[in-house]
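Reading through the C-alpha cells given below for one structure.
There are 2 protein chains.
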Amino acid sequence: MNTSESGVRDRLLDAADRLFYQEGVRAVGIDRVLAEADAAKASLYQHFGSKDQLVASYLERKTKDARASIEAYLAGTPPSQRALTFFDWVVAWAESKDFRGCPLQHTVSELTDAAHPARVIAHGQREWFAERFLEWTKAAGVKDAKATARALMVLFDGAVAGSEVDGPQRASDARWMAKKLLAG
Amino acid sequence: MNTSESGVRDRLLDAADRLFYQEGVRAVGIDRVLAEADAAKASLYQHFGSKDQLVASYLERKTKDARASIEAYLAGTPPSQRALTFFDWVVAWAESKDFRGCPLQHTVSELTDAAHPARVIAHGQREWFAERFLEWTKAAGVKDAKATARALMVLFDGAVAGSEVDGPQRASDARWMAKKLLAG
DNA sequence: TTGACAATAGACCGATCGGTCTGTATTGTC
DNA sequence: GACAATACAGACCGATCGGTCTATTGTCAA
Chain A
1 MNTSESGVRD RLLDAADRLF YQEGVRAVGI DRVLAEADAA KASLYQHFGS KDQLVASYLE
61 RKTKDARASI EAYLAGTPPS QRALTFFDWV VAWAESKDFR GCPLQHTVSE LTDAAHPARV
121 IAHGQREWFA ERFLEWTKAA GVKDAKATAR ALMVLFDGAV AGSEVDGPQR ASDARWMAKK
181 LLAG
Chain B
1001 MNTSESGVRD RLLDAADRLF YQEGVRAVGI DRVLAEADAA KASLYQHFGS KDQLVASYLE
1061 RKTKDARASI EAYLAGTPPS QRALTFFDWV VAWAESKDFR GCPLQHTVSE LTDAAHPARV
1121 IAHGQREWFA ERFLEWTKAA GVKDAKATAR ALMVLFDGAV AGSEVDGPQR ASDARWMAKK
1181 LLAG
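Sequence order for the protein chains is A and B.
The opening position of the first sequence corresponds to residue 1 in the numbering used here, with each subsequent residue numbered one higher.
The opening position of the second sequence corresponds to residue 1001 in the numbering used here, with each subsequent residue numbered one higher.
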C-alpha cells in the first residue's frame, strides 16, 4: 500500500478534527481517534508525540483552513464591504450541517492550562481576527475604526457562541447588528 | 454534630460549583469534588444519585443565584434603563476575580448529549434571558423591540465568551455597542 | 537479497474514571 | 437504652484514560 497517498498523519488529523470538534477534546480519547483514523497507536505517537500535541496540530490546521476559507470568500468583495460580508460567511458557517460552535472558544474553555500548546494556537488566531477586523473597519471608513473593530469581535463571538446554543438565527442577528453598526 | 448546619448537600454543591465552573465538568472527577467538600462518596450518591445529576443541580443553583443577583442589581433602575444597566452587571461579572466565562455556554459545549439534565437547565435559563431582554427593550421604547432583544442576546454572548478569551475589555465593548443600539 | 523504513496490531502499564458496597461513628427521638 | 437516620472512611468493581513497548508486515532502494 502506498502510505504516502493515504497519509496516516492526515488521516489522524481528519479523525481528530471530526471527533474533537464534534464532541470536545476531553470527551474523546486516543482510542476513538485511532479507530476513526484506522491507524496504529505507534503512528500517532510517532507523528505527534502526545495527545496534547495532536490537539494543537488539529487546531492549527483548522485555523489555517478557516483563514483560507475567509480570504477566498472575501476575495471578490471591495475592502470597504468586507466587514459586513464577513458576517455572511459567519451565517453560512453557522448554518452548515456540522456546525458546533467555535473551536477557539472550546479550546480555551476546555483546556484550563494557559500554557497548553493548543491555547497558543487559539490566541494566535484570535489576533488574526482582531487584525482583520481593524483592517476592514478602516477600509469601511467608519468614524471610530478601533472601537468598531472591537465591537465586531463581540458580534462575532456572540454570533458563534449564540448559534451553538440557540441555532443559526443568532448569526443572522449579529449580521443585522453589524450592518447597523457599520452604517452609522 | 448538627448536620443540618454544616449541610453535606450544600458543601457538595459549593465544591461542585468551584471546581466545575473553574476547570470544567469533564475535567473534574467525583473524587476531587468529594475531597473539596470533605464529604463521603455515599453522601454524594445519596443526595444526587449520579455525577450528571450533581452537575445539573450545581447549574440549577447557579442560575437561580444569577437571576437573583441580576434582579437585585436592577431593582433601583427604571424599566426603560434596565437593558443598558444590565450590561453594567455583565461588566462587573467579567471583571470579577474568578470569572471564567458562561456556565451555560460551557454546559452546552461540554455535554454533547442533548438530553443531559444540565442542558435542560441551561436552556431554561437562556429562555429567561430572552424574556428579560424583550421585556427591557419594550420598556426602553425602541423601534423594533424583538430584533433589538435578539441583538442584545448576541451582545451578551459575545461579551461573556469574548471576556473569557481576551479579558473583561470585551464586556465593556459590548456595553458600548448596547448603548449605541438602544439609543438609535 | 538485504536492510532501512514506515506502518500495522495489540499486549501491557499505572492512574483515574463513575459507581457500588461494607462497615463504623455520631446524631436526635422515642 | 434502643432505634433509625445520617454521615463518615475506604475497599472494591469494571472500564477507560494517555502512553510505552514488542513483534510483525509491506514497500522501496541499494
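The beta carbon of each residue, even a glycine, is placed where N, CA and C say it ideally should be.
* Asked: Any C-beta of chain B sitting closer than 8 angstroms to the C-beta of Leu181 (chain A)?
  -> yes
* Check whether the segment 1077-1090 of chain B touches the segment 1117-1127 of chain B, taking contact to mean three or more Cβ pairs, one atom from each stretch, closer than 8 angstroms. => no
* Asked: Any idea if Asp1098 (chain B) is buried or exposed, counting beta-carbon neighbours within 10 angstroms, 16 or more meaning buried?
  -> Exposed, since its Cβ has fewer than 16 Cβ neighbours within 10 Å.
* Integer Cβ distance of Leu19 (chain A) from Ser43 (chain A), believed to fall under 8 angstroms -> Contact doesn't hold; Cβ gap of about 16 angstroms is too wide.
* To do: Kindly say whether Val1142 (chain B), judged by its beta-carbon, lies nearer than 8 angstroms to any beta-carbon of chain A.
  => no
* Asked: Nearest chain A C-beta to Ser1004 (chain B) closer than 8 angstroms, yes or no?
  -> Any reading at Ser1004 (chain B) must be qualified, since the residue scores a pLDDT of 41, below 50, and its modelled position is unreliable; no value is offered.
* **Rounded separation between Arg150 (chain A) and His1047 (chain B) - CA only** => Those two C-alpha atoms are separated by around 46 angstroms.
* **Cβ neighbour criterion (16 or more within 10 Å) applied to Gly101 (chain A)** => buried
* Checking contacts by CB at 8 angstroms: is Glu1110 (chain B) closer than that to chain A? -> yes
* Is the CB-CB distance between Leu59 (chain A) and Ala15 (chain A) below 8 angstroms? -> no
* Taking the alpha-carbon positions, what's the Leu54 (chain A) to Glu23 (chain A) distance? -> Separation of Leu54 (chain A) and Glu23 (chain A) (C-alpha to C-alpha, rounded to the nearest whole angstrom) is 15 angstroms.
* **Whole-angstrom distance between Gln1169 (chain B) and Gln1105 (chain B), CA atom to CA atom** => 19 angstroms
* Does DSSP put His1123 (chain B) in a helix, in a strand, or in coil? -> helix
* Span of the alpha helix (DSSP H) around Pro1103 (chain B) -> 1103-1110
* **Endpoints, the alpha helix (DSSP H) within which His1047 (chain B) is located** => 1041-1047
* **Assigned secondary structure, Arg100 (chain A) (DSSP; H/G/I helix, E/B strand, else coil)** => It is coil, neither helix nor strand.
* Which ranges would you report for the beta strand (DSSP E) in the segment 1035-1090 of chain B if only whole runs of at least 3 residues count? -> Whole beta strand (DSSP E) segments, 3+ residues: zero.
* Asked: Using a beta-carbon distance below 8 angstroms, is Ala1147 (chain B) in contact with chain A?
  -> yes
* Does the beta carbon of Gln1270 (chain B) come closer than 8 angstroms to any beta carbon on chain A? -> One cannot answer for residue 1270 (chain B) here, as it falls past the ends of chain B, which runs 1001 to 1184.
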